[in-house]
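Undergrad: Would you mind keeping the following structure in view while I ask a few things?
Protein chains: 2
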Amino acid sequence: MDSCVTPLRHGGLSLVQTTDFIYPLVDDPYMMGKIACANVLSDLYALGVMECDNMLMLLGVSNKMTDKERDVIVPLMMRGFKDAAEEGGSSVNGGQTVMNPWLTIGGVATTVCQPNEYIMPDNAVVGDVLVLTKPLGTQVAVNAFQWLDQPERWNRIKLVVSEDDVRKAYQRAMFSMSRLNKTAARLMHKYNAHGATDVTGFGLLGHASNLAKVQKNEVSFVIHNLPIIAKMASVGKACGNMFKLMQGHSEETSGGLLIALPREQAAAFCKDIEKQEGYQAWIIGIVEKGNRTARIIDKPRVIEVPAKDKDGELW
Amino acid sequence: MDSCVTPLRHGGLSLVQTTDFIYPLVDDPYMMGKIACANVLSDLYALGVMECDNMLMLLGVSNKMTDKERDVIVPLMMRGFKDAAEEGGSSVNGGQTVMNPWLTIGGVATTVCQPNEYIMPDNAVVGDVLVLTKPLGTQVAVNAFQWLDQPERWNRIKLVVSEDDVRKAYQRAMFSMSRLNKTAARLMHKYNAHGATDVTGFGLLGHASNLAKVQKNEVSFVIHNLPIIAKMASVGKACGNMFKLMQGHSEETSGGLLIALPREQAAAFCKDIEKQEGYQAWIIGIVEKGNRTARIIDKPRVIEVPAKDKDGELW
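Which chain is which? The protein sequence lines are A and B, in order. With my numbering, you'll find the first sequence wraps up at 315, consecutive numbering, no jumps. With my numbering, you'll find the second sequence wraps up at 1315, consecutive numbering, no jumps.
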C-alpha cells in the first residue's frame, strides 16, 4: 500500500501517513519543490484521501553547494514545496534540515480520517478497467533534456527527436510531475473506484504488479495502451534497453494514479477529469480473472501525448 | 517547540508530530537504531505526550558500504529502532529507505491526542526550578572513545582521563542516549510541570534559551549545576574551546528533558524517576523574573555522574 493506515484510540478514526524524498531532477528549484510535495501527497491520493492535515518537510542541503547557491536554491525549493502543499489544501508545520553530500527534498503527509474518507486498494473485480491519469516517460524526458548538453549522448537520439521536441517533452514532464493527483482522488469516490496506486519509482508495470498482488479477488491486470509524452517512446527505443519504457519499467516521479474502475464508469471518469483539469486520462487496460499478476501485452498501443503548457494549451 | 501541534477536523483532537534524523555516532548498529528512535520520540515526550500512535523510519543507506557491511549493519539498526519504538508502546508502520553517500537514520513520530494529553511548554513561573533528566557530555564521551585509536588526539587528554574511564563514559553515554524519556513525560503530568524541552543538538544552554524565549510570563532561566558524565568535564576542559561543555554549548544526542517544575514538586519528581528507572535526575537551576533568556552562572557546580551499566549498577 502506498500509505500506512493505523487505527487510532479515538472513535473510529485512522491515521494515514506516507513519506517520500527524492533527489533533484529538474533545473528549476521552485518546480523541484512542487514536484517533491506532489510526490509525497500522491500516496494519500492513491487511497482516495483528499484532505492532508499536516506536512513535514525534510531537506538535505548539499555541503558541496556554495553559500550563494544555497541561499538562492534552498528558499525556492522550500517555497515550491509549501505552495504545492497549500494547493492541496494542506500546510507545512515542522520538518528538519540537515547537511548532506547530496541535495534531497521530501516530506511526510499525514491525515486523520474516518473510514469513508479512504478507499482500500484491494477491491478490483473481473470486468473493471484500468485508468491512468498522467502520461509515462518523465524519466526519459528529463534525461533527454540533460543530454542536450552532452554531445556523445545527444548523438544517440538526435535522429529520432529534435531539440525542440525534447524541450517541450521536458516542460510537459515537469508540469506533469508537479501536478497534484487530488482531482483524481476526488473522482475515485464519485465513480466508485475499486482501488488505486500511484506510479513512481518501480514504473508502470512494477506498481501495477504491486497493486495486483494485494487484490482480494483472483484477478490479473492486462495493459494494452501506453500513454507516453510525445516522442519519448522513440527516444526510449533509440536508447536500447536503457529505460525499458515499453516494458513498463521506466522510473517515474510523481506519476499518475493507476485506478481500477467499473467499466461503465471509467469513460465518465476520464471525461470529468479532463473537463476539470484540462489534462487527459486514459483507459489503458482491463481486469481479468487471474492469479494477482500484471502484464503488458506484446505490442501495446503507444498513445503519443502532446506537450501542453501549464494552462493546458497545445504548443 | 519540539513537536508541531495541529488542530484536526475531528472533535477537539490535535495532531502532534515530530521528525529527526541523525548520523551514526556509536559503533553498535543495534544501539544506534535505538538511539535514533529515542531521539525522535523525545520531542513528543518533551510535550508530556506518552502515546505515540505511529512511527515512520527514514533510512539512508551509504553507497560506500560493501554488500556484506550493508547486510549486517542495516537490519541491526532497523531492529534497534523498532525495539525502541515498541518499548515506547508504539510501532513502526511505513518509512523509506534510500541510497545516500552518508549513512543516516531517523524517523517520524505521530500522535493524535486530546488537549489534556500534552503540556504546552510556555507556562514557567517565577519560583519554578529546572530539572534535567539525563547527564550532559554525550558528545565528549563519544569523541573521547574514538580518540582511543588516534594517538595524536589521545595524547591531548590522557593526562586527565584513563582509557578505562573513557570506555565507561562511552558506555554510559550510549545507554543514556538509547533510554526513552517516557517516564519523565508521565511524571510531568503527575508533578504539574509548567513546560519542557529536550536537550539535543544546540546543547543545554541552546535549548534552555529556546524554551525561555517562548514563555508567556516574563521569566529567565538561571542554571547553577551541570550534571556531566564522570570525567567528561575534565576531558572537555583539556580540549580547550572545542566542545564548550561548561558553557552549555556541547551538542547532545537524545539528551534528557529540561523541565520547569513548581519548586515544591521538583524533589519528588527526581525521587520518583530514580525509583522507577534507577537513573538520577537533577535540579539544575531556577526560574527568575526576567526577559525570557537563559544563562549559566559564572562558576557552575559540576556534578560528576558515575558510569552505570544497563541495569543501573555502578561499575
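Note that the Cβ used here is the ideal one computed from N, Cα and C, for glycine as well. As the structure is a computational prediction, the values presented were derived from the model and not from experiment.
Assign residue 1019 of chain B to buried or exposed, taking buried as 16 or more other Cβ atoms, counted over all protein chains shown, within 10 Å of its Cβ.
TA: Buried is the call here.
Undergrad: Quick check on the DSSP output: the beta strand (DSSP E) that includes residue 1020 of chain B runs from which residue to which?
TA: Here the beta strand (DSSP E) through residue 1020 of chain B covers 1014–1022.
Undergrad: Determine, using beta carbons only, whether residue 1004 of chain B comes closer than 8 angstroms to chain A.
TA: With 8 angstroms as the cut-off, residue 1004 of chain B counts as an interface residue toward chain A.
Undergrad: Quick one: what's got a C-beta closer than 7 angstroms to residue 122 of chain A's C-beta in the same chain, skipping five residues either side?
TA: So the qualifying residues of the chain are 195, 214, 215 and 216.
Undergrad: Please list the residues of the region 1226–1258 of chain B that have a C-beta atom closer than 9 angstroms to any C-beta atom in chain A, keeping them in chain order.
TA: So nothing in the stretch comes that close.
Undergrad: Name the chain A residues whose beta carbon is nearer than 7 angstroms to that of residue 1010 of chain B?
TA: Neighbours of residue 1010 of chain B on chain A, chain order: 13 and 112.
Undergrad: What does the alpha-carbon distance come out to for the pair residue 315 of chain A and residue 54 of chain A?
TA: Residue confidence is low: residue 315 of chain A scores 43 on pLDDT, short of 50, so the model does not pin down where it sits. No coordinate-derived value is stated.
Undergrad: Can you give, in chain order, each stretch of the beta strand (DSSP E) that sits fully within the region 191–225 of chain A and has at least 3 residues?
TA: Taking only runs of at least 3 residues, the beta strand (DSSP E) segments lying wholly in the region 191–225 of chain A are 195–198.
Undergrad: Is DSSP giving residue 1298 of chain B helix, strand or coil here?
TA: Residue state, collapsed to three classes: strand.
Undergrad: Counting C-beta neighbours from all protein chains within 10 Å, is the total for residue 1091 of chain B 16 or more, i.e. buried, or is it exposed?
TA: The residue is exposed, with fewer than 16 neighbouring Cβ atoms inside 10 Å.
Undergrad: For residue 23 of chain A, collect the residues of the same chain with a Cβ closer than 8 angstroms to its Cβ; drop the 5 residues on either side in sequence, then sort them by chain order.
TA: The answer, listed in chain order, is 102, 103 and 104.
Undergrad: Any beta carbon from chain A within less than 8 angstroms of residue 1101 of chain B's own beta carbon?
TA: So yes, residue 1101 of chain B belongs to the interface.
Undergrad: Count Cβ pairs between the region 136–143 of chain A and the region 71–79 of chain A that sit closer than 8 angstroms; are there 3 or more?
TA: No, the region 136–143 of chain A does not touch the region 71–79 of chain A.
Undergrad: So, at 6 angstroms on beta carbons, what are the nonlocal neighbours of residue 248 of chain A in its own chain, with the 5 sequence-adjacent residues on each side left out?
TA: The residues are 203, 204, 205 and 296.
Undergrad: Is the Cβ of residue 1171 of chain B closer than 8 angstroms to any Cβ of chain A?
TA: No, its Cβ sits nowhere closer than 8 angstroms to a Cβ of chain A.
Undergrad: Whether or not the region 1219–1233 of chain B and the region 1162–1174 of chain B are in contact is what I'm after, with contact meaning three or more pairs of Cβ atoms, one per stretch, closer than 8 angstroms; do they touch?
TA: Result yes; three or more Cβ-Cβ pairs closer than 8 angstroms.
Undergrad: Counting only beta-carbon separations shorter than 8 angstroms, does residue 315 of chain A have a partner in chain B?
TA: Residue confidence is low: residue 315 of chain A scores 43 on pLDDT, short of 50, so the model does not pin down where it sits. No coordinate-derived value is stated.
Undergrad: Helix, strand or coil, according to DSSP, for residue 44 of chain A in the structure here?
TA: Residue 44 of chain A: helix per DSSP, three-state reduction.
Undergrad: What residue from B:1046, B:1065, B:1265 and B:1144 has the CA that sits closest to residue 1100 of chain B's CA?
TA: Nearest C-alpha to residue 1100 of chain B: B:1065.
Undergrad: Quick one: list the residues of chain B neighbouring residue 17 of chain A, beta-carbon separation under 9 angstroms, in chain order.
TA: Going along chain B in sequence order, the residues near residue 17 of chain A (Cβ under 9 angstroms) are 1054, 1056, 1093, 1094, 1108 and 1110.
Undergrad: Would you kindly work out how many angstroms separate the C-alpha atoms of residue 1088 of chain B and residue 1182 of chain B, rounded to a whole number?
TA: Their backbone Cα atoms lie some 7 angstroms apart in a straight line.
Undergrad: If you pair each beta-carbon of the region 1173–1192 of chain B with each one of the region 1236–1243 of chain B, do three or more pairs fall below 8 angstroms?
TA: The region 1173–1192 of chain B, when compared against the region 1236–1243 of chain B, does not touch it at the 8 angstroms Cβ threshold.
Undergrad: Is there contact between the region 43–52 of chain A and the region 2–19 of chain A, where contact requires at least three CB pairs shorter than 8 angstroms?
TA: Cβ pair count under 8 angstroms is three or more, so yes.
Undergrad: How many Å lie between residue 298 of chain A and residue 1072 of chain B at the Cα?
TA: Their Cα atoms are separated by approximately 41 angstroms.
Undergrad: State the beta-bridge partners of residue 109 of chain A as determined by DSSP.
TA: According to DSSP, residue 109 of chain A bridges with A:18 and A:55.
Undergrad: Between residue 4 of chain A and residue 224 of chain A, what straight-line distance do the alpha-carbon atoms span, to the nearest angstrom?
TA: The alpha-carbon atoms of residue 4 of chain A and residue 224 of chain A are separated by roughly 30 angstroms.
Undergrad: Please report the distance separating the alpha-carbon of residue 152 of chain A from that of residue 159 of chain A.
TA: The alpha-carbon atoms of residue 152 of chain A and residue 159 of chain A are separated by roughly 13 angstroms.
Undergrad: So, with DSSP's three-state summary, where would you put residue 160 of chain A?
TA: The answer is coil: DSSP assigns residue 160 of chain A none of H, G, I, E or B.
Undergrad: Here's a check: name, in chain order, each residue in its chain whose Cβ is nearer than 6 angstroms to the Cβ of residue 1084 of chain B, leaving out the five neighbours to either side.
TA: Same-chain partners within the cutoff: 1034, 1037 and 1038.
Undergrad: Label residue 278 of chain A either buried or exposed according to how many other C-beta atoms from any shown protein chain fall within 10 Å of its C-beta, with 16 as the threshold for buried.
TA: So residue 278 of chain A counts as exposed.
Undergrad: So residue 1293 of chain B is in the alpha helix (DSSP H); what residue range does that whole segment cover?
TA: No alpha helix (DSSP H) contains residue 1293 of chain B, which DSSP labels as neither H nor E.
Undergrad: So which residues of chain A does residue 1021 of chain B contact, with C-beta pairs closer than 9 angstroms?
TA: Per Cβ cutoff of 9 angstroms: 58, 96 and 98.
Undergrad: As a quick exercise: from A:155, A:143 and A:149, pick the residue whose alpha carbon is nearest that of residue 171 of chain A.
TA: Cα-wise, what sits closest to residue 171 of chain A is A:143.
Undergrad: Starting from residue 277 of chain A and walking both ways along the alpha helix (DSSP H), at which residues does that stretch end?
TA: That run of the alpha helix (DSSP H) goes 263–277.
Undergrad: For the region 1116–1174 of chain B, which segments carrying the beta strand (DSSP E) assignment without a break, of at least 3 residues, lie completely within its bounds, in sequence order?
TA: Qualifying beta strand (DSSP E) stretches, in chain order: 1129–1132.
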